[in-house]
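Engineer: Input: one structure, supplied below.
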Amino acid sequence: MSLLGTRPADVVGARRASAVLPASPGPVSTGTTSTGASSAGAARTTSLRARPGTGPATGRLARARRHPLARPGALVALLVVTVVVAWALVPTAFTSADPITGVPADNLLPPSAAHWFGTDHLGRDLFARTVHGTGLSLQAAAVAIVIALGAGSLLGLVAGFVGGRVDDVLMRLTDVLLAIPGLLLSLAVVTVLGFGTLKVAIAVGVASVATFARVMRAEVLRVRSATYVEAARLAGARRGSVVVRHVVPNAAGPVLALATIELGTVVLAVSALSFLGFGAIPPTPEWGSLVAEGRNYLATAWWYSTLPGLVVAVVVLSAGRLGRAFERGGRTAR
Amino acid sequence: MSAYVLRRVAAAVVVLLAAFTVTFAVLYLLPSDPASIMLDAGTGGGGVDPAQAEALRERLGLDQSPAEQYVAALGRTATGDLGTSISSGAPVATLIAQALPETAKLAGFALLLAVAGGAGLASLATWTRSPRLRGLLLALPPLGVAVPTFWVGLVLLQLLSFRLPVFPAVGNQGFASLVLPAVTLAVPLSATIAQVLAQGMRAAWGAAYVETALAKGATRTRVQLRHVTRNAALPSLTLLGVLVGNLLAGAVVVETVFSRQGFGRLVQAAVTTQDIPVVLGLVLVAALVFVVVNLLVDLAYPLLDPRTAVTSYARSL
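Keeping their order, the protein sequence lines are chains Z and H. Anchor point for the first sequence: position 225 equals 225 in my numbering, and the numbering is continuous, going up by one each time. Anchor point for the second sequence: position 237 equals 571 in my numbering, and the numbering is continuous, going up by one each time.
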């Protein structure tokens, strides 16, 4: 506890900067050190302010209330994400309408009590299509995150732990991956793999590997020089067991926080590729393709692309809000 | 100084070479058959004639070993020959050269809007003493990052082209057709700029020189403009390379939404027809733009900030 408390503030700052801004080569470090110091200063003032209120009566409950996840904004975000995950798991519990076959007579109806999001040009209920499209869209995002997290962490772990020439080569590789805009890299992968939800997910995952590798490497470097790792090595532990038992668990926190933050970005990327027409094959609903289908009816049916798109925006916003709360919570808890 | 310049240029060339290698590896060496993909896309998925595939493979040099293919492609690319498009038969370099000016206009205007909007928002948020206004302003960037670009574009189209016919909905004609796409493209960008800049400005407001300036009687506005902005703006300059790269990627979506011709539409079309040489050329151009912008930033940095000039001089010793 005390050991982690004394770690230099600029590590925190550097990590936060890299989360916002994956590719920042060059002398941005002047800015990040100062922000790191200021965030450490902010943490100090809040703990000072909290002290007078902490009497014997306030204990775990008060601390829970001060947790970043307990703020109203974060609670709403948590609710949104919970509802959307429920949509993905049991879509039929939220809507009884058929997402694939519609009632042609009911085409392009505006939102009403019967059709919350209105209907499309084939008379299908758009709310039902949005809810049923959630499964595929979230699955794609999850696959992308798993690929990026897995491959990125492995690269970062090897680079950080082995060091030397291997580290140089791997980090130059991430430099290059970061030099190609993510969406373009994803599109290049889609060109070769072909179209479909899973292929889009792989493409988006590949494009985010470098960001995870960077953060993982930074964490491994921090943990590697910690006293307990040195102690374990001096005690005769083998390299492999040091990595598995000490380095990975202690480096995992920030990487997992990054995964929650990246979730929003990944949902956006997946829906953008789906919007461009590289996702699921037409009758199957997906968030991005739903918005794309509404393009031809912009002048006559405002709800068609607006409401499904709004769902994407709210979900991404909530995921980002949750990610920041997790990150902040992880930092104060340690 | 000249050693520093040479070193930066050499590093830029290495990154570009590596970008070519990675993209080539993705496009040509992944377990897939480019010749079948191209033929399949050409016939609309109507099956592939093996003899035809073999002929195409030979014509494209795909029957050679990966190393031979790579060296041949690298040699051609180094002389500016990016190959020919599979679907149209036109030289890739010509296609890109035709598409770039329109996108440059769009990206330039969007960058202008994004810098003005992002810097304005960050300045106002750190300058104001009203916590409510500050909270409101600082809540905007996360929103700007979260909304899908294609959705912003469609909503703007709906409101300002169909509801109120202020701007044309599609096309490349004149300045009016540039406004909505540029605004759409600028939204996520200005949000990123505002986030980074607001962080830097908040740090600058806590610096000793700000306290000194205020103690000497400078107004908050003067301190914001003369001291805080100048000190906070410099580190954000390194963002420029990333931002321009994002502009090119964002153009893929924005140009599709607004049916504009340009780099992004070319990317979308090339991926749809699985036109591998065109995709390789486009990714390479994007990497080139990123590398050149970063190089310019690196070279301009010592001129703008004398402190880094000293360190870069020390590094070159």
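All residues carry an ideal CB built from backbone N, CA and C; glycine is no exception. For clarity, every value in this text was computed on a predicted model and none was experimentally measured.
Taking 6 Å as the limit between beta carbons, can you name the residues of its chain near Gly31 (chain Z), skipping five residues before and five after?
Structural biologist: Per-residue confidence for Gly31 (chain Z) stands at a pLDDT of 34, beneath the threshold of 50, marking its modelled position as unreliable; the derived number appears in the next sentence. If we look at Gly31 (chain Z) and ignore the five residues flanking it on each side, it has no Cβ neighbours.
Engineer: For Pro522 (chain H), does the three-state DSSP call read helix, strand or coil?
Structural biologist: It is helical.
Engineer: Check whether the Cβ of Gly320 (chain Z) lies closer than 7 Å to any Cβ atom in chain H.
Structural biologist: So, interface residue.
Engineer: Against chain H, with Cβ distances strictly below 7 Å, would Gly309 (chain Z) count as a contact?
Structural biologist: True, the Cβ-Cβ gap to chain H drops below 7 Å.
Engineer: Interface residues of chain Z around Gly484 (chain H) at Cβ under 7 Å?
Structural biologist: According to the sequence provided, residue 484 (chain H) is Phe. The question's Gly does not apply to it. In chain order: Ala272, Phe275 and Val291.
Engineer: Counting along the chain, where does the alpha helix (DSSP H) carrying Gly469 (chain H) start and finish?
Structural biologist: Pro465 to Ala480 is the span of the alpha helix (DSSP H), which, as asked, contains Gly469 (chain H).
Engineer: Which bits of chain Z does Val521 (chain H) rub up against, with CB to CB less than 7 Å?
Structural biologist: Chain Z residues near Val521 (chain H): none, gap ~11 Å exceeds 7 Å.
Engineer: Look up Ala283 (chain Z) in the DSSP assignment and say whether it is helix, strand or coil.
Structural biologist: The question names Ala, but residue 283 (chain Z) in the sequence shown is Pro. The answer is coil: DSSP assigns Pro283 (chain Z) none of H, G, I, E or B.
Engineer: Would Val248 (chain Z) and Trp287 (chain Z) be called neighbours here (beta carbons separated by less than 7 Å)?
Structural biologist: No. Outside cutoff.
Engineer: Rounded to the nearest angstrom, what separates Val489 (chain H) and Gly160 (chain Z) at their Cα positions?
Structural biologist: Cα to Cα, the separation comes out at about 45 Å.
Engineer: Going by beta carbon distance, what residues of the same chain come within less than 7 Å of Val426 (chain H), once the five residues before and after it are set aside?
Structural biologist: Cβ neighbours of Val426 (chain H) beyond the five flanking positions: Leu416, Gly417, Thr418, Ser419, Pro611, Val612 and Gly615.
Engineer: In three-state terms, what does DSSP make of Asp125 (chain Z)?
Structural biologist: Strand.
Engineer: In the DSSP assignment, find the alpha helix (DSSP H) that holds Asp632 (chain H) and state where it starts and stops.
Structural biologist: Note, Asp632 (chain H): alpha helix (DSSP H), Ile610 to Leu638.
Engineer: Looking at C-alpha atoms only, which residue of H:Arg342, H:Ala566 and H:Glu589 is the closest neighbour of Leu531 (chain H)?
Structural biologist: The shortest Cα separation from Leu531 (chain H) among H:Arg342, H:Ala566 and H:Glu589 belongs to H:Ala566.
Engineer: State the start and end residues of the unbroken alpha helix (DSSP H) segment that holds Trp116 (chain Z).
Structural biologist: Premise fails: Trp116 (chain Z) is in no alpha helix (DSSP H) and is neither H nor E.
Engineer: With a 10 Å radius around its C-beta and 16 neighbouring C-beta atoms as the bar for buried, classify Asp632 (chain H) as buried or exposed.
Structural biologist: So Asp632 (chain H) counts as buried.
Engineer: With a cut-off of 8 Å on the beta carbons, I'd call Arg129 (chain Z) and Pro110 (chain Z) a contact; round off their distance for me.
Structural biologist: No, Arg129 (chain Z) and Pro110 (chain Z) are not in contact; Cβ-Cβ is about 16 Å, not under 8 Å.
Engineer: From Leu512 (chain H) to Trp539 (chain H), what distance separates their C-alpha atoms?
Structural biologist: So the alpha carbons of these two residues sit roughly 37 Å apart.
Engineer: So with CB distances below 9 Å, who are the chain H contacts of Arg172 (chain Z)?
Structural biologist: Near Arg172 (chain Z) (Cβ distances below 9 Å), the residues of chain H are Val348, Val349 and Ala352.
Engineer: Along chain H, which residues have their Cβ under 7 Å away from the Cβ of Pro181 (chain Z)?
Structural biologist: The answer, in chain order, is Gly579, Asn580, Leu582, Ala583 and Ala620.
Engineer: Counting only runs of 4+ residues fully inside the stretch 210–239 of chain Z, write out the alpha helix (DSSP H) ranges in chain order.
Structural biologist: Entirely contained in the stretch 210–239 of chain Z, the alpha helix (DSSP H) runs reaching 4 residues are, in chain order, 227–234.
Engineer: Under the rule that 16 or more other beta-carbon atoms within 10 Å means buried, what is Ser208 (chain Z), buried or exposed?
Structural biologist: Looking at its Cβ environment, which holds 16 or more other Cβ atoms inside 10 Å, Ser208 (chain Z) is buried.
Engineer: Does Val627 (chain H) get closer than 7 Å to chain Z when you measure Cβ to Cβ?
Structural biologist: It does not; no Cβ of chain Z falls within 7 Å.
Engineer: In terms of residue numbering, what span does the alpha helix (DSSP H) encompassing Gln398 (chain H) cover?
Structural biologist: Counting along the chain, Gln398 (chain H) falls outside any alpha helix (DSSP H), and DSSP gives it neither H nor E.
Engineer: Which same chain residues, not among the five before or five after Phe501 (chain H), have their C-beta less than 6 Å away from its C-beta?
Structural biologist: Same-chain partners within the cutoff: Leu494, Ser495, Ala510, Val513 and Leu514.
Engineer: I need the boundaries of the alpha helix (DSSP H) containing Ser271 (chain Z), first residue and last residue.
Structural biologist: Unbroken alpha helix (DSSP H) run through Ser271 (chain Z): Val248 to Phe275.
Engineer: Return the chain-ordered list of same chain residues with a C-beta closer than 6 Å to the C-beta of Ala148 (chain Z), the five sequence neighbours on each side being excluded.
Structural biologist: Correct list, in chain order: Gly205, Ser208, Val209 and Phe212.
Engineer: Would you report the Cα separation of Ala292 (chain Z) and Ala583 (chain H), rounded to the nearest angstrom?
Structural biologist: So the alpha carbons of these two residues sit roughly 18 Å apart.
Engineer: Any idea if Glu262 (chain Z) is buried or exposed, counting beta-carbon neighbours within 10 angstroms, 16 or more meaning buried?
Structural biologist: Buried is the call here.
Engineer: Counting pairs of Cβ atoms below 8 Å between the stretch 442–459 of chain H and the stretch 518–528 of chain H, do you hit three or more?
Structural biologist: Yes, since at least three Cβ pairs between the stretch 442–459 of chain H and the stretch 518–528 of chain H fall closer than 8 Å, the two stretches touch.
Engineer: Out of curiosity, what's the CA-to-CA distance linking Leu234 (chain Z) and Ala226 (chain Z)?
Structural biologist: Looking at the two C-alpha atoms, the distance is approximately 13 Å.
Engineer: Could you compute how far the alpha carbon of Val356 (chain H) sits from the alpha carbon of Ala431 (chain H)?
Structural biologist: So the two alpha carbons sit approximately 23 Å from each other.
Engineer: Between the stretch 272–283 of chain Z and the stretch 576–592 of chain H, do three or more beta carbon pairs fall short of 8 Å?
Structural biologist: Short answer: they touch.
Engineer: Nearest CA to the CA of Phe597 (chain H): which residue from H:Ala441, H:Leu351 and H:Leu523?
Structural biologist: Here the closest residue by C-alpha is H:Ala441.
Engineer: Under 8 Å Cβ-Cβ, which residues of chain H neighbour Arg295 (chain Z)?
Structural biologist: Correct list: Leu488 and Val591.
Engineer: Relative to the alpha-carbon of Ala259 (chain Z), which residue among Z:Pro283, Z:Arg224, Z:Val143 and Z:Leu177 has its alpha-carbon at the smallest distance?
Structural biologist: The shortest Cα separation from Ala259 (chain Z) among Z:Pro283, Z:Arg224, Z:Val143 and Z:Leu177 belongs to Z:Val143.
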